[in-house]
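In our numbering, the protein residues as written are 248 to 500. The C-beta atom is built at its ideal place from N, Cα and C for all residues, glycine as well.
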Amino acid sequence: MPSSGFFGWLWRFNAIAIAIAATGAIVVLALIVEMVANDWSRQWGRRDETDLVQKGPDDPPDFRYALESANELAGIESVVYPLQRDTVGARPRGLKSGYSYDTKIVNLLLIDGNQAKGRWLFDGVQQIIAERIVVHDPASLRDDRDNRRAAAILTEVHAIDTNKDGHVDESDDVALIAHRLSDGSKHVLMSGPIAIVSARQVGGGKLLIMYEAGTATTLATFDAVDFRPLGKSELPRLSTDPPRDSEFPLPTH
């Protein structure tokens, strides 16, 4: 046990100094490990960059393009490869630095298995694809239609980024586009400052699109083959207020 007086205070000072030095060593070691891990993930933690994207001289150096795994299109003998853009940049965090990552799908590569050919569904890499679904499942189409001719991919695209932040905001324009696989034609079903809630194909060769615009939620119907609008209606809103007695009568005995 340390004695009192000068030597006691000296012992306590040495103990505090050793504790501070040990804590500092642990912090420095943790910083070194994190820097090595961040550098490894920056260099090797992503998919191999594809040569299908030809970068221009003005492209940011921290943009990296890679193909995701293929999505098979059932009954159509085609596959789709989403093109992913990774953005990695330095991000200061107090006394240490790190890396920020951002990933977006910016195009879709369609491979036709019958003709052994491929094409991009969009021009360039400026758009952001928020959602994509395959419509016209051959089993659900009307018998008098050409199933392969009717096959299409429905994509929700972030069309106009008003504040250039790379995210969909209420003031941004969103477009819902149908891509015909047989001839490469595009059909814009709707666009504007809207939010797509759901896009589904149902029986009878119809597409049901639920979307929000302002405070209204609307259900729009389209023909699933030629994409003609068939009609739309605003969905009723549900109140959280308790019902009045006349609206919700209680059972009597």
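- Annotation: K302 is outside any beta strand (DSSP E) and is labelled neither H nor E by DSSP.
- Taken through DSSP and simplified to helix, strand or coil, A264 comes out as helix.
- The secondary-structure analysis by DSSP pairs I352 across a beta bridge with Q331.
- By the criterion of a C-beta distance shorter than 6 Å, Q374 is surrounded in its chain by V404, once the five residues flanking it on both sides are discounted.
- When the five nearest sequence neighbours on each side are left out, the beta carbons in the same chain lying within less than 8 Å of the beta carbon of S480 are those of T465 and L466, in order along the chain.
- Apart from sequence neighbours up to five positions away, the residues of its chain that approach T402 with a beta-carbon distance below 6 Å are I376, R379 and I424, ordered along the chain.
- A distance below 7 Å separates the beta carbons of H426 and I400.
- In the DSSP assignment, E481 falls within the beta strand (DSSP E) that extends over P476 to E481.
- Put simply, the backbone Cα of T350 is about 43 Å away from that of A266.
- In the three-state reduction of the DSSP assignment, T487 falls in the coil class, being assigned neither a helical nor a strand state.
- Here DSSP, grouped into helix, strand and coil, assigns T270 to helix.
- Going by C-alpha positions, L436 is about 22 Å away from R366.
- R484 counts as exposed, since fewer than 16 other C-beta atoms from the protein chains shown sit within 10 angstroms of its C-beta.
- Per DSSP, the unbroken beta strand (DSSP E) holding T464 starts and ends at A463 to D470.
- Contact between L355 and V381 is absent: CB atoms are separated by about 11 Å, not below the 8 Å threshold.
- Nearest to G431 by C-alpha distance, out of T487, L368, N318 and D419, is L368.
- The DSSP-derived three-state label of S438 is strand.
- For A398, no beta strand (DSSP E) run applies, since DSSP gives it neither H nor E.
- One thing to note: A422 has its Cβ no nearer than 7 Å to the Cβ of S445.
- Secondary-structure assignment with DSSP links G365 through a beta bridge to I358.
- I263 sits exposed, since fewer than 16 C-beta atoms from the chains shown fall within 10 Å of its C-beta.
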